[in-house]
Amino acid sequence: MWVRTEEGGHVLWQVAPWLSLPWLAHGFSTASAGSLLERDKQEALGRAFGLPERWAVVKQVHGSDVHWVDEGWRFGKAEATGDALMTCMPDVVLAAFFADCVPLLFVDPEARIVAVSHAGWRGTVAEIGPKTVAHMVKRGSRIENIQAAIGPSIGPCCYAVSEEMREWFPPDVFSGVGELFLDLWSANYHQLTAAGVGTIYTAQQCTMCTGEFFSYRRDQAKERMAALIAVRLGKGI
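What follows is the structure, given as structure tokens:
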């Protein structure tokens, strides 16, 4: 259900069924693109994959605020705070940055509304995923049409946490004897299914133990990858 696509030395992890939507651009970058906090790196990745030039970003704060992007947005500038973006406007990339936190992408193929969310453990506790879905519905999506992708992020194999974390999550997302591990993939999956999302694709790629990704936990990395989604201009619109 996932493909690893390489163009010009840049790699995106993509949801295979979404590649059949000619109007949709999407993907989760790897370390091959460099830190996508830098505008020149964004432009290089955009050229490789034919992405729109305008990027919509926010100052990520591990919260649950969702923003609607329209022509009034200040593109390229992280002025608003929040952890999710959505739009139906063509020719703009919605981007969330990550280096272990869980990136989420959403698409409604019928209403052609797309969204991206940044779900660290705090954002997961705040239910940023279900709140993004709820905002899509308010903008005209039908819940049965919304699909989601859980991108590369720190996996249950590596995400060791303290016992205090048990108070924030259900018991079935923990594992380990002696050392406690948290499964944020499952936590987000369960939240999204409870919200009514019927189609969810999970990459199951751990950023900490898979060498092609930046990892804050592994390297104290300042670099960030990006989860990207866009409605292409003039592609079946």
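Here our numbering is used: the first residue of the sequence shown is 1, the next is one more, and so on.
Backbone N, C-alpha and C define an ideal beta-carbon position, used for all residues, glycine too.
Assignment of Y201 by DSSP, reduced to helix, strand and coil, places it in the strand class. Each residue's CA atom was taken as its position, placing K77 and Q60 some 12 Å apart. Three or more beta-carbon pairs separated by less than 8 Å link the stretch 102 to 113 to the stretch 141 to 154, which places the two stretches in contact. In its chain, beyond the 5 residues on either side, A99 and D100 have a beta carbon closer than 8 Å to the beta carbon of Y216.
When DSSP states are grouped into helix, strand and coil, S64 belongs to the coil group. Each of A25, R47 and F181 was checked against the Cα of E163, and the nearest Cα belongs to F181. Shown here, S32 sits in a helix according to DSSP, grouped into three states. With distances taken between CA atoms, E38 lies nearest to R224 out of S141, R224 and R122. Collapsing the DSSP output to three states places V15 in a strand. Along the length of the stretch 146 to 178, whole beta strand (DSSP E) runs at least 3 residues long occupy 147 to 150, reported in chain order. Scanning its chain for C-beta atoms nearer than 6 Å, with the 5 sequence neighbours on each side dropped, one finds around G155 the residues C206, in chain order.
D70 and C209 have their C-alpha atoms spaced approximately 38 Å apart. Beyond the five residues adjoining it in sequence on each side, W185 comes within less than 6 Å, by CB distance, of I150 and T202 in the same chain, given in chain order.
No residue range can be given for R139, since it is assigned to no beta strand (DSSP E) and is classified by DSSP as neither H nor E. Distance from V116 to A195 at the Cβ level is roughly 16 Å; contact not present, criterion being Cβ atoms closer than 8 Å. CA-CA distance, C158 to R218, rounds to 10 Å. Excluding residues up to 5 positions away in sequence, Q147, A148, A149, I150, Y189, L192 and T193 lie with their Cβ nearer than 8 Å to the Cβ of I200 in the same chain.
The shortest C-alpha to C-alpha distance from L228 to any of P17, W121, T30 and S20 is the one to T30. Between L45 and A56, the CB-CB gap reaches or exceeds 8 Å.
When DSSP states are grouped into helix, strand and coil, K77 belongs to the coil group.
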